[in-house]
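Per my numbering, the sequence shown starts with residue 123, numbered consecutively. Just so it is clear, CB atoms sit at the ideal spot from N, CA and C, and this is done for glycine as well.
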Amino acid sequence: MEQSQLTDLLGQMTLDEKIGQLLQITGDFYSDKAEERTGPMTQLGLDEDDLANAGTVLGVTGAEECRKIQTAYMKRNRLHIPTLFMGDVIHGFRTIFPIPLGLASSWDESAAETMARVSAHEASVSGLFVTFSPMVDLVRDARWGRVMESTGEDPYLNGKLAAAMVHGYQGDDLLADTTRVAACVKHFAAYGAAVAGRDYNTVDMSERQLRDMYLPGYKTAIDAGAKLVMTSFNTVDGVPASGNRHLFRDILRREWGFDGVVISDFGAVKEMISHGVAADERDAAKLAIKAGVDIEMMTVCYLRHLKDLIVSGEVPEQVLDESVMRILELKNDLGLFENPLRGADAEAERTVVMSKQHRDAARRVAEESMVLLKNDDATLPLDASRKIALLGPAAKSTDLLGAWSWKGQEDDVAALDVSLREAGIQVSTVDGDFDYLQPSDQAVEEAVRVAKDADVVVLALGEPSYMSGEASSRSDIRLPQAQLDLFKAVAAVNDRIIVTLFNGRPLDLSDIQSAKAIVEAWFPGTEGGRALADVLTGAVNPSAKLTMSFPVSVGQVPIYYNVDNTGRPYENDPEGKYVSKYLDVSNYAAYPFGFGLSYSKFEYGEVKVEDHEFDADNPLKVSVELRNVSEREGTEIVQCYVHDLVGEVVRPIKQLKGYERVTLAAGESRTVTFTITEEDVRYVHADYELDSDPGDFDVMVGPNSRDLSKAIRVHLF
Ligand code: NOJ
């Protein structure tokens, strides 16, 4: 449709029809069985006219189901405006990829794009038009269950991965390519900074910090073309995001020029009553529409009260019209007026969803996402000629998909025991299931017996998937006690333990440090069992590196590598008394941001700069020679960090400014070069302007954020 036709269409709509466009409800409301509709309808107080006008639908899939709903809907909608199907396709549709925190550990934008591309293809043939991804919340607190959905603690890396996902979902031509879906950046803003890691809790930080650290990731994803933005549940500076004009009108729309659709999170408009900033639904509706929230997800404050607010003159009709136009434009950008089913195709659904090609892609990404945290005495890869026991709750578990894997099915998953046997490794296991939290005494005794008899024990531990994700914060981020007890009992009879972990957050692993090897496999998705088996056998050489610090203890949380300078720097004098530190634990992470091992061994040569001075026209060129000094090919993620020595405001002691995945054959070496521009070292100043400070900088290169080269002093003019 031409823009003029959209304007015409808007002109023909009644006030009720316009307000209807702003409502998002779930698919149950469109069930063809009246008795299934009645409950939800009574709950929200909707009548048939409301259903005929509601602009978008949440959480329906299946080409046939979507076709039925769309056909019936368009008949009932007076102006035949199509509805729009949205859903949470977060790390795969049915073919599930590693959770985003795992995917991020690949530091591979092409892996992120592949995940999104495959997800879009499966989702689009199944009838979806929009996915609520990427989630770009910067995270520093492992207690928060939703860290599994994030890509970690670094704004630069988060932005790169989010932009790659947006491209994977939307492609280059969303209108023409019906195998793509529109992306929704969430949760705006700073949802990852909930106080004490408790979900839905307050976020309180300076505006400068918000702009410097938390907003850039979202902005990069928006600049990559994402069509929608979702509000967050939290407050920002005392105002719930869903009613926060400053966030949406000032920053998102005016400063960043975002002209897409803003959707509230589930129920978040009405929650402003519980927050205590709205007296009632009418008030909540007024706050949200004035803040610029276009679609209200699953509550009816707009539906009930917007008309009155407009008639009374409290909300100009123009504001409503702008919201409706944005929604119509989104429908138009997706081509729905001409093709209301878009890519939905029952036939393609059968061949595309969970195709071999997609499973293979998920497996490759899972292989790249597993982080080798420890490997003493080259215990890994496994020696197939030894007697290997595979024990622990995750040994036979198919709970490998992780939270937010809506359409994923455990039946599609090959567990670790099955995968190892497929890979030709004979393992002894115990009979029956082994509970994650409360294994029977008999199961533990049996495990100890099998461990005693083995040369090496693979202990498959972790969190069940319900322990991370939404509403799954924990105050204790160790493995469940029963698993620590199991570790101890096994360690008493066999000291060659390899721990594998399926979990959704950085854990405090202090209690299992006597393990010879530790592999962080995250929730690796449909092909995750096989990918882990390949890492254990050595068919795959691990290359992943953490994107979120693993603390020594929960008391260090929030912990992150890019901390600000203090007046009493710990780094200068860790043993000193009057420095910024704890009495009982170091400031450092157990496994820092950027950390991960390989079966290969890499050596870094001397870091060099082409010129010690740089300016806006002449970027800094930093290079290092990387050598693979081992007998096998491997991939190293080389990282480059910068420290701005004297800023207008306090600067972090280091910040990631470049990284590269480098694959080297045995004995091979290569020079890796990073180009750092003046723009790269800009940051948000006290007046909220993005600018750089001429002066001295330190540049460091290395395998992770801790073990860096000696700093090279450079100067920005
Ligand atoms: C609530 C979650 O916070 C959000 O991430 C999700 O997209 C919506 N529900 C829709 O399911």
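Given this structure, state the Cα-to-Cα distance separating residue 837 from residue 770, to the nearest angstrom. Sequence index remark: in the sequence shown, residue 837 carries index 715 (1-based). Sequence index remark: in the sequence shown, residue 770 carries index 648 (1-based). Going by the C-alpha atoms only, they are around 16 Å apart.
Given residue 656, which residues of its chain have a CB within under 7 Å of its CB, disregarding the five upstream and five downstream residues? Walking along the sequence shown from the start, residue 656 turns up at place 534. Contacts found: 489, 545, 662.
Sub-8 Å separation of residue 781 and residue 803 beta-carbons: Position 659 of the sequence shown, counted from the first residue, corresponds to residue 781. Position 681 of the sequence shown, counted from the first residue, corresponds to residue 803. It is not a contact, given that the beta carbons lie outside the stated cut-off.
Tell me, to the nearest whole angstrom, how far the beta carbon of residue 495 is from that of residue 516; I am working on the premise that it is less than 8 Å. Within the sequence shown, numbered from 1, the residue matching residue 495 stands at position 373. Within the sequence shown, numbered from 1, the residue matching residue 516 stands at position 394. Actually they do not touch by this definition, with Cβ atoms about 16 Å apart.
When the Cα of residue 643 is compared with those of 336, 652, 636, 637, which residue comes out closest? If you number the sequence shown from 1, residue 643 lands on position 521. For the residues 336, 652, 636, 637, the minimum Cα distance to residue 643 belongs to 652.
Below 7 Å, is the gap between the Cβ of residue 213 and the nearest heavy atom of the ligand NOJ? In the sequence shown, residue 213 corresponds to position 91, counting from 1. The answer is no for residue 213.
In this structure, what does DSSP give as the bridge partners for residue 781? Stepping through the sequence shown from its first residue, residue 781 is reached at position 659. BP columns for residue 781 point to 761.
Cβ pair residue 354, residue 312 closer than 8 Å: Position 232 of the sequence shown holds residue 354. Position 190 of the sequence shown holds residue 312. Result yes, Cβ atoms of residue 354 and residue 312 sit closer than 8 Å.
With a floor of 4 residues, list each alpha helix (DSSP H) that falls wholly inside the stretch 522-606, ordered by position along the chain. 538-544, 563-574
Own chain residues within Cβ distance below 7 Å of residue 616, not counting five before or after: Stepping through the sequence shown from its first residue, residue 616 is reached at position 494. 573, 574, 576, 579.
Count the other CB atoms within 10 Å of the CB of residue 776; is the residue buried (16 or more) or exposed (fewer)? Translated into positions along the sequence shown, residue 776 becomes position 654. So residue 776 counts as buried.
List the residues that DSSP assigns as beta-bridge partners of residue 726. The residue you call residue 726 lines up with position 604 of the sequence shown. Answer is 748.
Check: residue 210 C-beta below 7 Å from any heavy atom of the ligand NAP: Summarising the ligand content, the structure contains the ligand NOJ and does not contain the ligand NAP.
Can you give, in chain order, each stretch of the beta strand (DSSP E) that sits fully within the stretch 190-262 and has at least 3 residues? 206-209
State yes or no: is the C-beta of residue 647 within less than 8 Å of the C-beta of residue 214? Here residue 647 refers to the residue found at position 525 of the sequence shown. Here residue 214 refers to the residue found at position 92 of the sequence shown. Yes, the pair counts as a contact, with Cβ atoms nearer than the cut-off.
Per DSSP, the bridge partner or partners of residue 743: Residue mapping note: residue 743 aligns to position 621 of the sequence shown, counting from 1. Per DSSP, 797.
Any heavy atom of the ligand NOJ nearer than 7 Å to the CB - residues listed: 180, 181, 210, 254, 257, 308, 309, 352, 355, 387, 388, 419, 592
Close-in-space but distant-in-sequence residues of the same chain around residue 737 (CB under 8 Å, 5 per side omitted): As a working note, residue 737 is residue 615 in the sequence shown. Taken in chain order, the residues that qualify are 800, 838, 839.
Just confirm the distance between the C-beta atoms of residue 823 and residue 729, as a whole number of angstroms; I'd bet it's less than 8 Å. The residue you call residue 823 lines up with position 701 of the sequence shown. The residue you call residue 729 lines up with position 607 of the sequence shown. Confirmed, Cβ separation roughly 5 Å.
Give the DSSP bridge partners of residue 835, in chain order. As a first step, residue 835 must be located in the sequence shown, where it is residue number 713. Beta-bridge pairing links residue 835 to 820.
Based on the DSSP secondary-structure assignment, which residues constitute the bridge partners of residue 639? In the sequence shown, counting from the first residue as 1, residue 639 sits at position 517. Its beta-bridge partners are 497, 620.
Terminal residues of the continuous alpha helix (DSSP H) containing residue 509? As a position in the sequence shown, residue 509 is number 387, starting the count at 1. Neither: residue 509 is in no alpha helix (DSSP H) and is coded neither H nor E.
Work out the CA separation of residue 469 and residue 437 for me, nearest whole Å. Working through the sequence shown from its first residue, we reach residue 437 at position 315. Working through the sequence shown from its first residue, we reach residue 469 at position 347. About 47 Å.
Pairwise C-alpha distance: residue 145 and residue 418: Reading the sequence shown from its first residue, position 296 is the one you call residue 418. Reading the sequence shown from its first residue, position 23 is the one you call residue 145. Looking at the two C-alpha atoms, the distance is approximately 5 Å.
Which residue spans inside the stretch 357-386 form an unbroken beta strand (DSSP E) run of at least 3? 383-385
Meets three-Cβ-pair contact criterion under 8 Å: the stretch 507-522 and the stretch 547-565: yes
Span separating the alpha-carbon of residue 351 from that of residue 503: As a position in the sequence shown, residue 351 is number 229, starting the count at 1. As a position in the sequence shown, residue 503 is number 381, starting the count at 1. Near 44 Å, if we compare the C-alpha coordinates of residue 503 and residue 351.
If you measure between the beta carbons of residue 315 and residue 283, is that distance less than 8 Å? Translated into positions along the sequence shown, residue 315 becomes position 193. Translated into positions along the sequence shown, residue 283 becomes position 161. Result no, Cβ atoms of residue 315 and residue 283 do not sit closer than 8 Å.
Among 331, 358, 343, which one has its Cα closest to the Cα of residue 324? Position 202 of the sequence shown holds residue 324. Nearest C-alpha to residue 324: 358.
Using only CA atoms, which one of 218, 191, 202 lies nearest to residue 139? As a position in the sequence shown, residue 139 is number 17, starting the count at 1. Comparing Cα positions, the closest option is 202.
Three-state secondary structure (DSSP) of residue 408: Taking the sequence shown and counting its residues from 1, the one referred to as residue 408 is at position 286. DSSP places residue 408 in helix when its eight states are reduced to three.
Which runs of the alpha helix (DSSP H) fall wholly inside the stretch 145-182 and span at least 4 residues, in chain order? 156-166, 170-175
So the candidates are 250, 714, 778, 622; which of them puts its Cα closest to the Cα of residue 654? As a position in the sequence shown, residue 654 is number 532, starting the count at 1. Measuring from the Cα of residue 654, the nearest candidate turns out to be 622.
Simplified DSSP state of residue 305, which is helix, strand or coil: Start at 1 with the first residue of the sequence shown, and residue 305 comes out as number 183. Three-state DSSP puts residue 305 in a strand.
Please look up how many angstroms separate the CB atoms of residue 383 and residue 349, rounded, as I've assumed it's under 8 Å. Within the sequence shown, numbered from 1, the residue matching residue 383 stands at position 261. Within the sequence shown, numbered from 1, the residue matching residue 349 stands at position 227. Confirmed, Cβ separation roughly 7 Å.
Compute the Euclidean distance between the alpha carbons of residue 500 and residue 755, then round it to the nearest angstrom. As a working mapping, residue 500 is identified with position 378 in the sequence shown. As a working mapping, residue 755 is identified with position 633 in the sequence shown. Near 16 Å, if we compare the C-alpha coordinates of residue 755 and residue 500.
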